[in-house]
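Here the sequence shown is numbered in the numbering used here, starting from 1407 and rising by one per residue.
Quick notes on the structure that follows.
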Amino acid sequence: MRPRKWVLVLATLILLITSALYQGFRYLQKNRNLENILIQSIASYFDGKIYVGSFRLVFFSAHLKNVKLEFPDNSTFISIRDIKVGLSFRKLVTSKGDVTKAINKIILVQPAIDIAFVESTPANLDSVIESTTMSVPTYFPVEDLIVKNGIFRLIKKNGEFINLGEQLSGKLYKNKFSIEFDLFGSFASDKQNLSLTGKVSKGEGISQVHFIIDNAKIRKNITIGEFSIFGGSLYTDALFTFPNKFSLPMLHASGKLKIENAQAMLNYKNQITDLNCSISL
């Protein structure tokens, strides 16, 4: 019994598509400049330096591992466990093999966004072995970067971190003068309670961070130096602005902060007291 014509047509079509995808993947494997092209594409987003620990190519998906991004101001850094770069077979064909134009998605997995005091340096930046520093091109293939499970931290002068947000997801956007971000995550809790938006300016511009925490239960201790807060609830709607060379005297804050039914402790005295306060910044 002969197979129907549509079965033969379908089988032939599947074979052709599979063969084309395989040839496209083989093309990417043989492209010795692929890693450099992808690194330059990421670096173009920040007008700074990028350090890459390792590179791996999966089927139409590239992975840059243990990445460090350094802004020109030397006070803003992003450390990323994994950057996943999605490649479109259709765009690869229509662009005649131009890998840069074939990029259709870039995901930052577990990025740590750190803003440091002028005298501080990012933790473990010097530990990246055999890293690569790339020049910055002018073209970027996608409009935004996707963020998954990130954290946002302030680095003190002694190198210690103040955690300002975790489990962050959202996007980074680029414009001519800054990198803007729109993130949602958690603060002092396992539940989503934080909206974090703002921009990191380039050159001599002003950067800003807008925190909104809406009556969130404090489920994790908040520790700042020798001072700890636990229990109760927290509300804040605050805007912080600062120049690229970050320092406390140059930090401007506006908004409100309210803490209710919490407890506070000076760690070195080990004394606990009730805490209810409302502060206008």
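Cβ atoms here follow ideal geometry from the backbone N, Cα and C, with glycine treated the same way.
Would you check if the segment 1572 to 1582 and the segment 1547 to 1560 touch, i.e. whether three or more CB-CB distances between them fall below 8 Å?
-> yes
Under the DSSP definition of a beta bridge, which residues are partnered with M1656?
-> For the purposes of this step, residue 1656 is taken as residue 250 along the sequence shown, with counting starting at 1. In DSSP, M1656 forms no bridge with anything.
Tell me whether R1703 sits in a helix, a strand or coil according to DSSP, three-state version.
-> A query on residue 1703 cannot be resolved here, the shown segment of the chain reaching from 1407 to 1687 and no further.
Spatial distance of I1513 from D1680 (CA atoms) | What you label residue 1513 is simply residue 107 of the sequence shown in a count that begins at 1. What you label residue 1680 is simply residue 274 of the sequence shown in a count that begins at 1. Approximately 43 Å between the Cα atoms of the pair.
Per-residue burial, S1660 [other beta carbons within 10 Å of its own, 16 or more giving buried] = Numbered from its first residue, the sequence shown carries residue 1660 at position 254. Exposed, because fewer than 16 other Cβ atoms sit within 10 Å of the Cβ of S1660.
DSSP state of A1594, grouped into three classes?
-> Working through the sequence shown from its first residue, we reach residue 1594 at position 188. In this structure, A1594 counts as coil in the three-state DSSP scheme.
Considering only the beta carbon of each residue, do I1624 and G1638 sit closer than 8 Å?
-> By 1-based counting over the sequence shown, the position of residue 1624 is 218. By 1-based counting over the sequence shown, the position of residue 1638 is 232. For I1624 and G1638, yes; Cβs fall inside 8 Å.
I1601 lies in the alpha helix (DSSP H); which residues open and close that run?
-> Locating residue 1601 in the sequence shown gives position 195, where the first residue counts as 1. Checking the sequence shown, residue 1601 turns out to be Ser, not Ile. That residue, S1601, is in no alpha helix (DSSP H); its beta strand (DSSP E) goes 1600 to 1607.
Close-in-space but distant-in-sequence residues of the same chain around L1672 (CB under 7 Å, 5 per side omitted) | Residue mapping note: residue 1672 aligns to position 266 of the sequence shown, counting from 1. Contacts found: E1632, F1633.
Compute the distance between the beta-carbons of L1640 and I1678, then report whether it is under 8 Å.
-> As a position in the sequence shown, residue 1640 is number 234, starting the count at 1. As a position in the sequence shown, residue 1678 is number 272, starting the count at 1. No, Cβ-Cβ distance for L1640 and I1678 is not below 8 Å.
How long is the line joining the alpha carbons of I1519 and D1504, rounded to whole angstroms?
-> If you number the sequence shown from 1, residue 1519 lands on position 113. If you number the sequence shown from 1, residue 1504 lands on position 98. Those two C-alpha atoms are separated by around 31 Å.
Could you please give me the residues that DSSP links to R1559 through a beta bridge?
-> Stepping through the sequence shown from its first residue, residue 1559 is reached at position 153. Note: R1559 sits in a beta bridge opposite D1520, N1569.
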